[in-house]
Amino acid sequence: MMKKYLSRGCLALAAAASIAMPASAEVLTLDVSGINSQDVIGSAANTVLSFNLGALAHINSLSWQVDLQAYNPSWLSELQLSLSGSQTSSAGLLFAPGAGSDFAGSQAFAGSIDLLDQGLDFSVGADGILRLEFSEAASDGLSPDGRWQSGRLAIDWTAAAAVPEPASYALFSLGLALLAGLARSRKLS
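Going letter by letter, the sequence shown gives residues -25 to -1, 1 to 164 in mature numbering (1 follows the signal peptide of the UniProt record, and there is no 0).
Right, dumping it as structure tokens:
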């Protein structure tokens, strides 16, 4: 009889403990081939992509392998990507893979950055939307100023920890009560 209570209590406790386990990391991989770099941030001409990662998802790292082309007089260093929540005034990241390449032409760029290590990590808002805006650091009067010829971006993110529902707390309490009852019956034996 005790083994029955022990196994039920352990199962209830294990189920409750699984609720509190941390969320696992996810990776959003994007093919950016053919996206034009049009104008400065906020221009209606820019390409904007949105992804629902879930409320308060946390952006941890970014890696890239891209081929960029800048049309004269624009520079490769001017092609940029803004990552933020749907509220663009909130925290985010401005990323320029061609930083330092102050000339027109084509070039490949690859790398990665651990945003956590650099203190650049951020969370999206309660609506869960990650907003990506492809833009230019300077307007050169071209349409487009540049192009993301080919390549991929990988955005590592973690879902926000779920808040347990009341039923989960009830299950956890039941498991503790069963364990307490088991301990009490052992003392009486």
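In this text, a Cβ means the ideal position worked out from N, Cα and C, and glycines have one as well.
Locate the beta strand (DSSP E) running through residue i, then write down its first and last residues.
| i | result |
| --- | --- |
| L43 | H33 to A45 |
| T4 | A(-1) to D6 |
| W123 | G121 to T133 |
| N11 | I10 to S12 |
| Q55 | L54 to G60 |
| G116 | Counting along the chain, G116 falls outside any beta strand (DSSP E), and DSSP gives it neither H nor E. |
| F78 | Here F78 belongs to no beta strand (DSSP E), and DSSP marks it neither H nor E. |
| L68 | G67 to F70 |
Under DSSP, the alpha helix (DSSP H) around residue i begins and ends at which residues?
| i | result |
| --- | --- |
| Q93 | L90 to Q93 |
I'd like to confirm the pairing. Which residues does DSSP put opposite residue i in its beta bridges?
| i | result |
| --- | --- |
| N27 | I104 |
| A85 | Q40 |
| G17 | Answer is none; G17 lacks a bridge partner. |
| Y98 | The amino acid occupying residue 98 in the given sequence is Ser; Tyr does not appear at that position. Per DSSP, H33. |
Please determine, among the options, the residue with the shortest C-alpha to C-alpha distance to residue i.
| i | options | result |
| --- | --- | --- |
| S76 | S8, L51, S61 and D120 | L51 |
| I10 | W123, L58 and E1 | W123 |
| D120 | V15, A19, Q93 and S98 | V15 |
Under 8 Å by Cβ, that's how I've got residue i and residue j pegged, so tell me the actual separation to the nearest angstrom.
| i | j | result |
| --- | --- | --- |
| A101 | L31 | 7 Å |
| E111 | E53 | 5 Å |
Exercise. Please confirm if the stretch 114 to 128 is in contact with the stretch 88 to 96, defined as three or more CB-CB distances below 8 Å between the two stretches.
Key: no
Self-check item: Touch test, the stretch 40 to 52 against the stretch 62 to 70, Cβ-Cβ under 8 Å, three pairs minimum
Solution: no
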